[in-house]
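Undergrad:
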Amino acid sequence: MSEQLDVRPAAQPETVLDIDDLEVSFATDAGEVRAVRGVSLDVKAGEVVAVVGESGSGKTVTAKTILGLLPETATSSGAVVIKGQNVVSITAAKLRELRGRDVAMVFQEPSTALNPVFTVGWQIMEGIRAHRARQGGGGEGHRVGRKEARERAIEALRKVGIPDPEKRVDYYPHQFSGGQKQRVVIAAALALDPELIVADEPTTALDVTVQAEILELLRDLRDLYGTSIVLITHNMGVVADLADRVVVMYQGEVVEEAPVRKLFAEPREDYTRQLLAAVPHLGRDSASEGATERLHQGGEVLVEAKGLEIVYPGRLGSPAFRAVEGVSFTVSAGEVFGLVGESGSGKTTIGRTIAGLNRATGGSLKVLGHEMVGFRERSFRPLRKEIGFVFQDPAASFNPQLTIGECVAEPLVVHLRPQPAQLRRRVGELLESVQLPASYASRYPHELSGGQRQRASLARALALEPRLLVADEPTSALDVSVQAKVLELFREIQAELGFAALFISHDLAVVDQLSHWVGVLYKGRLVEQGIGSRVMNNPQDAYTKRLIASLPVPDPVQQAERRVAHRALLGG
Amino acid sequence: MTALIETPPEAAGVPAPAAKRKGGGLATYLIIRFLLIFPTILILVTMVFFLMRITGDPITAALGGRLPADQLAQRIHEAGYDRPIMVQYFQYLGQIFTGNFGRTISDNRAVTEMLATFGSATLELAINAVVVALIVGIPLGMIAAHRRDKTPDAVLRIFAILSYATPVFFAGLLLKLVFSVWLGWLPVAGRASTSTEIALTSLAQPTGIYWLDALRSGNMAAFWDVESHAILPALALGLLTAGVFLRLVRTNLIGTLGRDYVEAGRSRGVSEFRLVTRHAYKPALIPIITVMGLQIALLLGGAVLTETTFEWKGLGFQLAQYLTARDFVAVQGIVVLLAVIVAVTNFIVDVVAALIDPRVRY
Amino acid sequence: LTGCTGPSGGSSAQSGSSSGGSITVGTTDKVTFLDPAGSYDNGSFMIMNQIYPFVMNSKPGSADPQPDIATSASFTSPTVYTVKLKSGLKWANGDTLDSTDVKFSFDRQLKINDPNGPASLLGNLASVDAPDPTTVVFHLKQGNDQTFPQVLTSPAGPIVDHKVFPADKVMSDDDIVSKKAFAGQYTITTYQKNQLVSFKANPDYQGLLGKPATDTVNLKYYADSNNLKLDVQQGNIDVASRSLTATDVDSLAKDSKVKVYKGPGGEIRYIVFNFDTMPYGAKTPNADPTKALAVRQAMADLVDREAIAQQVYKGTYTPLYSYVPDGFPGATTPLKSMYGDGNGKPSMDKAKQALQAAGVQTPVSINLQYNPDHYGTSSGDEYALVKQQLEASGLFKVNLQSTEWVTYSKDRTKDVYPMYQLGWFPDYSDADDYLTPFFTENNFLKNHYSNTTVQDLISKEATNPDKSSREQQIGQIQDDVAKDLATLPLLQGAQIAVAGTSVKGVDTTLDPSFKFRLGVLSK
Amino acid sequence: MTTQTLPQLERREPLWTRLPVLSHVRNSVGLQRGMLIAGLVLTVVFLLMALLAPFIAPYGFSQISDAKGDFPTQDPPSAQHIWGTTVGGFDVFSRVVWGAQTAVLVIVVAVALSIFAGVALGLASGYIGGWLDRVLVVVADAVYAFPSLLVAIVMSIVISHGQSSLWGGILAAAISITVVFIPQYFRVVRAEAIRLKAEPFVESAKVLGASSWRIMARHIFRNATRSIPLIFTLNASEAILTLAGLGFLGFGIEPTSAAEWGFDLNKAISDVTAGIWWTGVFPGLAIVLTVLGLTLVGESMNDLADSRLRTRGRGRRQRTTTAGTSESGAPQTGAVPGYAASTEASSGQEGGQA
Ligand SMILES: Nc1ncnc2c1ncn2[C@@H]1O[C@H](COP(=O)(O)OP(=O)(O)OP(=O)(O)O)[C@@H](O)[C@H]1O
Ligand SMILES: Nc1ncnc2c1ncn2[C@@H]1O[C@H](COP(=O)(O)OP(=O)(O)OP(=O)(O)O)[C@@H](O)[C@H]1O
Ligand SMILES: [Mg+2]
Ligand SMILES: [Mg+2]
């Protein structure tokens, strides 16, 4: 069914958005920042144009310009023409009329894009009532009454598939799940029947399964109502799944523009090629490629969980929360254990418990032979030098007041108390082992890029040559290209030093790339575990199946097939 | 005097409302919050008790300049102020638990009666001042936030700082000079003119809040008299607080104005005015109310200077007087009342915040 | 003593018919208790003077005790003081007022002996008898106590209704007001403690003071004297009494809408020397009474009282050259001639001589204490000036220190302060009240000053029924103490009231009895 | 134990640009900069006045005569006494100048003491938590609910006990202010400590096996106290007002011990209504302008440190891609919000790597 979409009726598609030579720059402390430089692109009616590019390449700025939402510090030139009006130079009143009615926006984080203290209906109605009704011939319509606005809001909610919209229209945002919130945001955008929707990373904050639903919804919008969509994303899978045409941005400029299949099949620019190469691809480059049985089985068992249960105590009257329940697994020396699962499934909780940051409350968890249920910090502390931990957000895991050198040296200082000269040498070695120049030791964390910081973080975790490393989403804060390099480094070092690792990620492809053995966590339970490539290719558990089916692969052809194949699974 | 630090109670370890969101009962939270009032009061009472004993005794304060030391000592002994301090302390606690707050030492009135009399005066002043503060502070804060870093913002912020930076007795003096002495529009001090005061106190069941009493007795002349007396103190104290409110509204509004949901509203074509007054204001209201509640509670105790400047015979004023007289009974009584007010206000603020914030509503 | 009429300047005004209008008086003196057994302060006593009867009282304009609700009062033997009451007296609530009430009142004072009460004034009272309804007999411990009639006018003297007041404890103000236990010139109609009190003339009053000039008087309380000043200036109140600052008085004097009245004042301000701890004092390492005296003398030579009175107090205080203030029978000015240039002005040379003669090394370092909060806010300025006057000569090095009142009161009797500021306001209008408390064996200064000649003279003077020889004895005491310089008197206060130009009678009540009487005011 | 020194490492930014105030000036623009600079100018004038008081003031603070004789009292401004004299004969100009010294001393002592105690307690309470925390919080809350002027009055009685010399008076005022301020620092530092406790960099220290002491001293302390300069300026102005309030109620520093604006202003009240304006207006203005200056500095620094309030920030804060963020829709309540946003703002510079 989606096949036919690519063969669109050739009835002279009207241009709904025409950006011409757009320049945007910001006044900042450090001088002028040119965020967008001479971007030109156009969107036809009923077309989905994806804008991709690494972080900071100017995607969001471009999107905001379309709605005239740039902050006051920005200056822009060029033309952004919507319905014959140039947004860049239009009056404020005209701009307000245009917003919402001709072009609407969908935000990245549905939870922050909805005002927590107003009902969703009120928020949708705000947009409707801010405009005069559209009356066929384009003449100015009447002000929309409260009642009519409400009806339209309900209608919009129904369109995006919110069940029971008559009732739900009076709900507050916190009464919806994350995916539903994003639907509400889309409903608010739809309420005025705009011809163009600008969606800035509409699924980035969502789990893959939910992402799949939202992508489906967006596709329906385009198909059923002919709405054009500017889709901003850095996820190549999403692009492959939804886009008709792709615009690649790099450092504020458009480097390449092509229909989606052409771009994936034969990227013209070097940059595009690099970008595509860096995208992890499920089923490619698996660490357990070809393995038939669990590797490192014979090694010493470093972590052993049996019926592990972790409960967060409730505060002040709220009931305790059971985050992990009846989980059993082992991690042997030298093995990389990949833990996947969607948000809130308990991955981090398990990782932190192994590192002694959380309390295990039931079952049994042995870490390096030490029972963690009811553990005492004092008796566990000597074991800490055997365990390394890499945090998700490299920026946050360094004390901003200390230099990288001081941070990396800390484990050495705490456990070994070496001579200063010795210490300096060791810090230099460590930094070099993660491919950072030793001179970086004197830099402060904010003076490093995200990828460099994560390397330093790895260096710190490895300083004492631990036997076990817990890495909690070590790359999810990074751009794909950077992520690829860090993952590569991780893999090399692991192979070289042979430590065991618990590798946590929500990205199946990433986990598969690194792990010998994979566990799938769902609502605190380990629903499936097995050799990485097997789990990915041949999932057994229903949830795992759905998870894998939801994951869009960065290849439009393959993805179209997968979509057809999995439609039944995803419908549920 | 602590007006400017707007740390909300959340920062102070009283379980934050965030805890409520986790799914616990709001009721439980509120009950615990309510129960916390008691240790707080106990601590306050204890602190006041011991501090006051350190500072001396009421007899020396009253007669130290007249009596020989041995007579003084004898009188102190007779009054029982030289007994072991713990004995006095536990006796005092015992009295409090039975609801007996005693009689003031320096002017011999039942503490409860004294609290009612002066409490109502302070309450009236506080209400007036809060009205001024709200009328002035909130709209100006909105304007400042909306026009941030433009000239109006700068002017308003300077105004806010000045209204805070001018010691209230200095501001009061200037107000008196201009409006009473030079223009002759308003009375200098006091809560009402003599005749009104006599008329209002001879009512059957006075509330002690003069404008209310005047209205209830239908005495409009008295009402206007009372109001004309109320204006200057309300301005002096109200502007001081208005400065804090302005700042508070501005800061929080700027915070919410930068939020995605405001941007989302804007992207739907909602006007800037509505964005400020509805979309951004209501979420900002929750922290604003929290801090305002604290402010209002503090206002009651912090009105010492205003009350002294304007002869407004209220708790703050009396507190200073009793303190000079080392009248521990009275000081303890006032502090207990203030503690209760602060705690109860915080409690009410929580409930109000809960009503505004749908996430904590059940 | 009986039947003697004092000068009564305004007494003609009060005999006229009282006006129907009302007068509002503002004051800063707070009330503690309306019950005479529970209070010993100006604010409370001011109201008591309006509402309670006294056995003895003084007519406005004089300080001479005369029978108030009595017809006669006199010593019938050295230790017996007998009073005959008027008959047919009534309390405002209808109770009869007779000797039972009088006996009850004094018995009660002695029995309750409240820590804050004035019972100490009745130290010489042994017992009271009421043989018949109009006769009261006071039995005294010491014979011929010349101050006893004065004591009957003092805070210990108000008579209370024995049917209303409990015999053994202090009664609350509200009960007193609601039970109308009044029999003075006025009754209280509304009572808001320390805020507003309104008085209405008591038609049943038959005492010395007569019918009040104005029927309704309101008494309004102020905390900040500046508000008092502004209100009287604006005409919001008719009379302002006490606690105006010198600047206020000065500026009001220039205002044509109001008139400033000054009357003799009993308040004195002085420096106390601790004979043990002052330089060369008895307990210092280099104790030497002669040198210590020389130090005191040099200080007496150097202070310029006139300058302090004018500069700091703008004439609201006057120089005080003795221990008994000017205006009391027997008061002299020994310090004027003995020290300084002999004319009340300072003399540097004399001071230098005094120190040299005693072989005192100069400059003398002294620690001088004052209290900033009890004797008015100008104490700081006053002592800054004293310091400057002492140091200008180069003979002294003054280390000025101030301490908050309660601590000050405690420490001053513990020999902490070598020399310190103090003030005094008399309990009743008699020179003895400036001598007995200060220079007898167990005086309240506790400054270790002791001069047996002086002590003898004081006990003689106190029981000497002969007026002129008593005054002479009082003069002698002042001379003797002036030689010893037990304390250094500085200033004498005036009673000051400010009133609108239309108000009459203010001057009459600013008399040496120090009782402010609302009954003489009219407009 | 935590004194293990690291190799002396070259620092890349010159120190002066990282000093709190200077870096703020550098980072500000437009009106915000204007207000900051206005505040700084007022503050510097105030500090200079205090520092150079002996050179600026023509007379001593309690001087009432000179070689030419006694000063006149309540004399209007003239060549000899440019701002006139008071009722006691003090020179108003000199007292205003010397008053700056008193104010600075009081501020320094008061704020230093309260920072010291408040920070120590706040750190312990926030990091260690448990019962200690609960008790301290209730106590701090109780003290906070205590009318602050009352605490100040009681403390000044308790402390001044004996004599009020210059230092006695200053200490009394300062310590009484300290008592009032400790709960404020306590709150702020405790809240920061609690926030920091959950920060990954603290957890990472914990996983490394660092002791609680080391964590508190090395990781929490420095980060938790970053907002202190902001509160410092705000409290400094409160200290002046509290001191003035104490002076007004008669618990201040006596004129012979030191010059104090609040006290002078209080004494001048009857002067003002008598038409003698110069004794009150100058100390009054001194208070107002000093507080204005300090508050402007404090507020501007606060705004600059808080990316929400900052006029022109660096790049927008990056959103992490995981769904881990909780539904914290409500805005922050603190007046002195964390600095986190500004330190993280720099993570958008990944471009150069690809
Ligand atoms: N308000 C602003 N002030 C100054 N610079 C800004 C501002 N907003 C964006 N920039 C800069 O403009 C550039 C482009 O930012 P933009 O947000 O468009 O990136 P993006 O492609 O959306 O990145 P991401 O994938 O991280 O969302 C960046 O260098 C950013 O730092
Ligand atoms: N400190 C805590 N107190 C109470 N509940 C918590 C706490 N931390 C986490 N939880 C809850 O425990 C569950 C598991 O959380 P966890 O952080 O382990 O999820 P996760 O799999 O790491 O998710 P994500 O992919 O979003 O990081 C969630 O429902 C979460 O809300
Ligand atoms: Mg973006
Ligand atoms: Mg996680």
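Chains as they are written, first to last, in this note's numbering: chain A, 18 to 589; chain B, 8 to 369; chain C, 11 to 533; chain D, 551 to 904.
Cβ atoms here follow ideal geometry from the backbone N, Cα and C, with glycine treated the same way.
The model shown is predicted, which means the values in this text are computed figures rather than measured ones.
#1: Mind checking whether the beta-carbon of T173/B lies closer than 7 angstroms to any heavy atom of ligand 2?
#2: Considering only C-alpha positions, which residue in the set I61/B, L79/B and R60/B is nearest to A69/B?
#3: Using the rule of at least 16 other Cβ atoms within 10 Å of the residue's Cβ for burial, across every protein chain shown, is P295/C buried or exposed?
#4: Helix or strand or just coil, what does DSSP make of L356/A?
#5: Using beta carbons (cut-off 8 angstroms, strictly below), is P174/B in contact with chain D?
#6: Out of K533/C, Y380/C, N67/C and S54/C, point me to the one whose CA is closest to E804/D's CA.
#7: Quick one: list the residues of chain C neighbouring T201/B, beta-carbon separation under 7 angstroms, in chain order.
#8: Indicate whether at least one CB of chain A lies closer than 8 angstroms to the CB of F751/D.
#9: Quick one: is the Cβ of D59/A within less than 7 angstroms of any heavy atom of ligand 4?
#10: Can you give the Cα-Cα distance for K210/C and R315/C, rounded to whole angstroms?
#11: Quick check: is any heavy atom of ligand 1 less than 7 angstroms from the C-beta of G547/A?
#12: Just confirm the distance between the C-beta atoms of S49/C and G127/C, as a whole number of angstroms; I'd bet it's less than 8 angstroms.
#13: Counting only beta-carbon separations shorter than 8 angstroms, does A271/B have a partner in chain D?
#14: If you run the structure through DSSP and keep just helix, strand and coil, what is P491/A?
#15: Does any CB atom of chain D fall closer than 8 angstroms to the CB of D391/C?
#16: Taking only beta-carbon atoms, is V195/B less than 8 angstroms away from chain C?
#17: Name, in chain order, the residues that DSSP records as bridge partners for A122/A.
#18: Does DSSP classify N67/C as helix, strand or coil?
#19: According to DSSP, what are the bridge partners of D37/A?
#20: Considering only their Cβ atoms, is the gap separating R645/D from A809/D smaller than 8 angstroms?
#21: Going by beta-carbon coordinates alone, are L538/A and S362/A separated by less than 8 angstroms?
#22: Is there a Cβ of chain C sitting closer than 8 angstroms to that of Q78/B, yes or no?
#23: Counting only Cβ-Cβ distances shorter than 9 angstroms, please list the residues of the region 54–65 of chain B near chain D, keeping chain order.
#24: Measuring CB to CB, does N284/C end up less than 8 angstroms from N461/C?
#25: Should V66/A be listed as close to ligand 1, given that the test is whether its C-beta is under 7 angstroms from any heavy atom?
#26: In the DSSP assignment, what residue or residues form a beta bridge with R149/A?
#27: By alpha-carbon positions, which one of Q366/C, G510/C, L531/C and V530/C ends up nearest to D241/C?
#28: Say whether chain D places a C-beta atom closer than 8 angstroms to the C-beta of L564/A.
#29: Give a yes or no on whether the minimum CB-CB distance between A743/D and chain A is below 8 angstroms.
#30: So does G361/A have its beta carbon nearer than 7 angstroms to some heavy atom of ligand 2?
#31: For the alpha helix (DSSP H) that contains A172/B, what are its first and last residues?
TA: Taking the geometry as given:
#1: Translated into the one-based positions of the second sequence, residue 173/B becomes position 166. Because no heavy atom of ligand 2 lies under 7 angstroms away, the Cβ of T173/B does not count as near it: no.
#2: To locate residue 69/B, count along the second sequence from 1; it is residue 62. Of the listed residues, the one whose Cα sits closest to A69/B is L79/B.
#3: Reading the third sequence from its first residue, position 285 is the one you call residue 295/C. The residue in question, P295/C, is exposed, as its Cβ has fewer than 16 Cβ neighbours within 10 Å.
#4: Position 339 of the first sequence, counted from the first residue, corresponds to residue 356/A. Strand, per DSSP.
#5: In the second sequence, residue 174/B corresponds to position 167, counting from 1. Yes, P174/B counts as interfacial toward chain D.
#6: As a first step, residue 804/D must be located in the fourth sequence, where it is residue number 254. Of K533/C, Y380/C, N67/C and S54/C, the residue nearest in Cα terms is Y380/C.
#7: Taking the first residue of the second sequence as position 1, residue 201/B is located at position 194. Those within 7 angstroms of T201/B in chain C are T34, L206, N228 and K230.
#8: Start at 1 with the first residue of the fourth sequence, and residue 751/D comes out as number 201. Interface residue, yes.
#9: In the first sequence, the residue the question calls residue 59/A occupies position 42. It does not: the Cβ of D59/A is nowhere closer than 7 angstroms to a heavy atom of ligand 4.
#10: Numbered from 1 along the third sequence, position 200 holds the residue referred to as residue 210/C. Numbered from 1 along the third sequence, position 305 holds the residue referred to as residue 315/C. A direct Cα-to-Cα measurement between K210/C and R315/C gives close to 43 angstroms.
#11: As a working note, residue 547/A is residue 530 in the first sequence. Outside the cutoff, so no.
#12: Residue mapping note: residue 49/C aligns to position 39 of the third sequence, counting from 1. Residue mapping note: residue 127/C aligns to position 117 of the third sequence, counting from 1. About 7 angstroms; that satisfies the 8 angstroms criterion.
#13: For the purposes of this step, residue 271/B is taken as residue 264 along the second sequence, with counting starting at 1. It does not; no Cβ of chain D falls within 8 angstroms.
#14: As a working note, residue 491/A is residue 474 in the first sequence. The answer is coil: DSSP assigns P491/A none of H, G, I, E or B.
#15: By one-based count along the third sequence, residue 391/C stands at place 381. Chain D, which has a Cβ nearer than 8 angstroms to the Cβ of D391/C, makes this yes.
#16: Counting from 1 along the second sequence, the entry for residue 195/B is found at position 188. Judged by the 8 angstroms Cβ criterion, V195/B is in contact with chain C.
#17: For this step, residue 122/A is matched to residue 105 along the first sequence. The identity of residue 122/A in the sequence shown is Met, whereas the question assumes Ala. DSSP lists V215/A as partners of M122/A.
#18: If you number the third sequence from 1, residue 67/C lands on position 57. Three-state DSSP puts N67/C in a strand.
#19: Translated into positions along the first sequence, residue 37/A becomes position 20. DSSP lists A96/A as partners of D37/A.
#20: Translated into the one-based positions of the fourth sequence, residue 809/D becomes position 259. Translated into the one-based positions of the fourth sequence, residue 645/D becomes position 95. In this structure, the beta-carbon distance from A809/D to R645/D falls below 8 angstroms.
#21: In the first sequence, counting from the first residue as 1, residue 538/A sits at position 521. In the first sequence, counting from the first residue as 1, residue 362/A sits at position 345. Cβ distance < 8 angstroms, so L538/A and S362/A count as in contact.
#22: Your numbering for residue 78/B matches position 71 in the second sequence. Interface residue, yes.
#23: M54, V55, L58, M59, I61, T62 and G63
#24: The residue labelled residue 284/C in the question sits at position 274 within the third sequence. The residue labelled residue 461/C in the question sits at position 451 within the third sequence. The answer is no: Cβ separation not under 8 angstroms.
#25: Along the first sequence, one-based indexing puts residue 66/A at 49. Checking every heavy atom of ligand 1 against the Cβ of V66/A, none is found closer than 7 angstroms.
#26: Here the question's residue 149/A lines up with position 132 in the first sequence. Note: R149/A sits in a beta bridge opposite R160/A.
#27: For the purposes of this step, residue 241/C is taken as residue 231 along the third sequence, with counting starting at 1. Here the closest residue by C-alpha is G510/C.
#28: Translated into the one-based positions of the first sequence, residue 564/A becomes position 547. False, the Cβ-Cβ gap to chain D never drops below 8 angstroms.
#29: Start at 1 with the first residue of the fourth sequence, and residue 743/D comes out as number 193. Closer than 8 angstroms: no.
#30: The count along the first sequence starts at 1 and reaches residue 361/A at position 344. Answer for G361/A: yes, Cβ within range of ligand 2.
#31: As a working note, residue 172/B is residue 165 in the second sequence. It spans T158 to A172 - the alpha helix (DSSP H) in which A172/B sits, taken as one unbroken run.
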